[in-house]
């Protein structure tokens, strides 16, 4: 047998094997489609329990090398209005599924890693998305490519089209150069990582005075690497970077933030969740005046994982009951009162484990100096306290162990802030500087008169501590009720009550 015949035989054999494997993969996908839909609905309920949406599939057509299907998202109730979709409306994803072990869509990318399938997804022009398709001249706003491994893990790349929509009558405009979003998940949706980027976004609308308001965003990047704890709480690392965010009113610059960075890292040990969140802005501009830079570090520790999961479950269930009340969507006041009540009902659940929240620090800095706030709150689990509270201090001690805070306002820094405020209001530089000095000195004097602040060198300082019913304000110790009478109710120390 010559070499050419051997080569042809090998190719034919490979073709038979590939065809058989592709057919088997398609059959496996068909057998597991109901399971996949159930998993999708379970994850949707977990991520967005108040959305009242459900996922289903239609028109599944299996071939040897590829299959087609429609994934349908619609309201879970077809008789009640939904915040996202009205009864009868739907969002449809047209899916083209290339079967493994070597899906054609992956081979075109020279990806030779065996996989169960490669799925191309795009939106269908339905009534719910009619206006969206008008913005994109009839094209699907998003195109997604998903690789499904034999383990069930997925890697998805989503590309968003550029959009430039203008309404000459209303003056509204939406413009973006598109974006990218990549997400990877294991078979259970436990470990999830993502990254995304949006180059630019501009939105124009009208305010209550019928003036055009323009918001712009440039250079936004997000990334994260998360997983579920044993209790079902999602933790991990997340990052956000934003080059610039601006707003203008009637053509005049209102504010701008530059160099915005957000970083959070949370982990769990022995059922207790702890982590840090850092937020910073390199430059803050208001009405064309430089107001310096700011940063915030927020630390959380000893958050009980079981309690947090119980809080999520109870909160979501009660919010769903609230949303199902007739007419609630048309009564914002009743809705707000309901939300407050739901929070009040469930917040005690978060105090199990006695969590600690620490602002360390909140900092505001400009060319003249820096002001800082440090504030730590150590909560107490009210379930560990017996008996009824007899005093206000007893009631507070049921939920608080300690409070420790210190505010330091640098006077030169504060004067520079007020000078910038004056200049933004139309004062010339000399008058604005004079007015700023008077305001800061007056604030310092009034603070000392009411014993709200002290002056240490060139700083206005306030310190506050609380423990076991006693408050220490700037070194003066007193019971909680006395503190409230003097400071919160505005009665200066030494005056009759």
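Numbering (the numbering used here), first residue to last: 30 to 526. In this text, a Cβ means the ideal position worked out from N, Cα and C, and glycines have one as well.
Nearest residue (CA-CA) to residue i, options the options
i, options, result
"residue 411", "382, 316, 308 and 451", "382"
"residue 330", "63, 303 and 416", "303"
"residue 220", "472, 254, 352 and 259", "254"
"residue 297", "259, 385 and 309", "259"
"residue 245", "117, 272 and 199", "272"
"residue 287", "281, 279, 295 and 275", "275"
"residue 69", "461, 183, 152 and 179", "183"
"residue 266", "120, 376 and 224", "224"
"residue 444", "436, 435, 424 and 471", "471"
"residue 256", "214, 506 and 71", "214"
"residue 278", "312, 236, 295 and 460", "236"
"residue 316", "453, 324 and 417", "453"
"residue 148", "97, 120 and 196", "97"
"residue 170", "158, 189, 376 and 448", "189"
Residues of its chain near residue i, where Cβ-Cβ distance is below 7 Å and the 5 sequence neighbours each way are ignored
i, result
"residue 421", "509 and 510"
"residue 433", "405 and 494"
"residue 156", "118"
"residue 181", "216"
"residue 437", "400, 401, 488 and 490"
"residue 540", "It is not possible to answer for residue 540, since the shown part of the chain is limited to 30 through 526."
"residue 418", "424 and 427"
"residue 234", "201 and 242"
Close Cβ partners of residue i (< 6 Å) along its chain, the five nearest in sequence each way excluded
i, result
"residue 150", "122, 124 and 173"
"residue 268", "252 and 292"
"residue 270", "250 and 290"
"residue 464", "451"
"residue 154", "162"
"residue 403", "389, 390 and 435"
"residue 115", "none"
"residue 483", "490 and 503"
Cα-Cα separation, residue i to residue j
i, j, result
"residue 299", "residue 80", "33 Å"
"residue 326", "residue 393", "12 Å"
"residue 161", "residue 335", "41 Å"
"residue 407", "residue 358", "37 Å"
"residue 243", "residue 205", "13 Å"
"residue 455", "residue 397", "22 Å"
"residue 351", "residue 218", "29 Å"
"residue 163", "residue 342", "39 Å"
"residue 313", "residue 295", "28 Å"
"residue 310", "residue 99", "44 Å"
"residue 356", "residue 362", "12 Å"
"residue 90", "residue 101", "15 Å"
"residue 514", "residue 369", "27 Å"
"residue 203", "residue 308", "28 Å"
"residue 409", "residue 340", "16 Å"
"residue 228", "residue 195", "19 Å"
Burial state of residue i, where buried means 16 or more other Cβ atoms lie within 10 Å
i, result
"residue 103", "buried"
"residue 191", "exposed"
"residue 64", "exposed"
"residue 165", "buried"
"residue 524", "Below a pLDDT of 50, predicted positions are generally treated as unreliable, and residue 524, at 40, falls in that range; no measurement from the model is reported."
"residue 446", "buried"
"residue 167", "exposed"
"residue 321", "buried"
"residue 346", "exposed"
"residue 461", "buried"
"residue 372", "exposed"
"residue 442", "buried"
Three-state class that DSSP yields for residue i in the structure shown
i, result
"residue 168", "coil"
"residue 441", "helix"
"residue 189", "strand"
"residue 154", "coil"
"residue 512", "helix"
"residue 81", "coil"
"residue 425", "helix"
"residue 162", "helix"
"residue 384", "coil"
"residue 279", "coil"
"residue 411", "helix"
"residue 338", "helix"
"residue 315", "strand"
"residue 265", "strand"
"residue 404", "strand"
"residue 238", "coil"
"residue 456", "coil"
"residue 44", "Note on residue 44: pLDDT 36, under 50, position unreliable in the model; the coordinate value appears next. If DSSP states are grouped into helix, strand and coil, residue 44 belongs with the helices."
8 Å Cβ shell around residue i - same chain, five flanking residues per side excluded
i, result
"residue 73", "80, 82, 83 and 84"
"residue 211", "184, 185, 186, 187, 223, 224 and 225"
Residue i at chain D interface by Cβ criterion, 8 Å
i, result
"residue 90", "Among the chains in the structure shown there is no chain D, since it carries only a single protein chain."
Distance cut-off 7 Å: residue i Cβ against heavy atoms of the ligand GDP
i, result
"residue 352", "For the structure depicted, the ligand GDP is absent and the ligand set is empty, with no information on it obtainable."
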